[in-house]
Amino acid sequence: MVKAGNAVYRGPSDLPDIIPVFPLAGALLLPGGRLPLNIFEPRYVAMVDHALAGPRLIGVIQPRLSALNPGAASGQPALCDVGCVGRLVSMTESGDGRYFISLQGISRFRLLEARQVDTAFRQCRIAPYEADFETDGTASDVDRVRLMRVLRAYLEKNDLDVDWQSFLRAENSALVNGLSMMAPYGSVEKQALLEAPDVKARAETLIAITELMLAGGSDKTLQ
Numbered sequence: 007m008v009k010a011g012n013a014v015y016r017g018p019s020d021l022p023d024i025i026p027v028f029p030l031a032g033a034l035l036l037p038g039g040r041l042p043l044n045i046f047e048p049r050y051v052a053m054v055d056h057a058l059a060g061p062r063l064i065g066v067i068q069p070r071l072s073a074l075n076p077g078a079a080s081g082q083p084a085l086c087d088v089g090c091v092g093r094l095v096s097m098t099e100s101g102d103g104r105y106f107i108s109l110q111g112i113s114r115f116r117l118l119e120a121r122q123v124d125t126a127f128r129q130c131r132i133a134p135y136e137a138d139f140e141t142d143g144t145a146s147d148v149d150r151v152r153l154m155r156v157l158r159a160y161l162e163k164n165d166l167d168v169d170w171q172s173f174l175r176a177e178n179s180a181l182v183n184g185l186s187m188m189a190p191y192g193s194v195e196k197q198a199l200l201e202a203p204d205v206k207a208r209a210e211t212l213i214a215i216t217e218l219m220l221a222g223g224s225d226k227t228l229q
């Protein structure tokens, strides 16, 4: 069971088969996490309006990571196979046509089919991850000390700052997912974190990426 805002989702059947999707390179939304977004393109403003008129769900997914991405020049790039569906839990209007929204992650999904639709934004048929509605039994096996030590070393090396106290208070799943979402890494790394099968594997992936960055240089992001 997953709670997002005022809604409760007990399993994949509580989500629609077809959702609007927001292709966004370098963005990572994970179950339970919150992703703030600044929406200004007219087609995505329309997407938010569409979501508000329905179940308030939007899928966040990266454009396919290959340099040879069909459709990229036209603004309709091929998409990665895996994204995450979130519920729109807060929104404010800027007064100049923009929306500032926050999505709370519900479940990862596998993209099954891009639908032929009349809307300017894309809509896809999805298959949510059933495991994301269940308690992750691997969370207790996360090497929390090593994770915090490695991330702290990376942030200090790059003069980056976070609210460590909030992370110290978080349980393992929230800690790993929160650090994965805020880590300043590139699209390939973000996709690897998204597709990690469970919390323990995600923590190990995050540690490995960060150790690689520490060994290889001081760039704040990977592209």
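Just so we're aligned, residue 7 is where the sequence shown starts under this note's numbering, counting upward by one. Ideal Cβ placement from N, Cα and C applies to all residues, glycine included.
With fewer than 16 other CB atoms across the displayed protein chains lying within 10 angstroms of its CB, R155 is exposed. P18 carries a helical assignment under DSSP once its states are collapsed to helix, strand and coil. Counted as a single uninterrupted DSSP element, the stretch harbouring A31 is not any alpha helix (DSSP H), since DSSP gives it neither H nor E. Straight across, the Cα-Cα distance linking L185 with M7 is about 22 Å. Under the 8 Å Cβ criterion, the segment 125 to 136 does not count as touching the segment 176 to 195, having fewer than three qualifying pairs.
Counted as a single uninterrupted DSSP element, the alpha helix (DSSP H) harbouring G184 occupies residues 178 to 188. Taking the Cα positions, F173 is about 11 Å away from L157. The criterion of a C-beta distance shorter than 8 Å is satisfied by Y160 and T216. Nearest to L118 by alpha-carbon distance, out of P134, L166, F106, is P134. The three-state reading of DSSP puts P48 in helix, counting H, G and I together.
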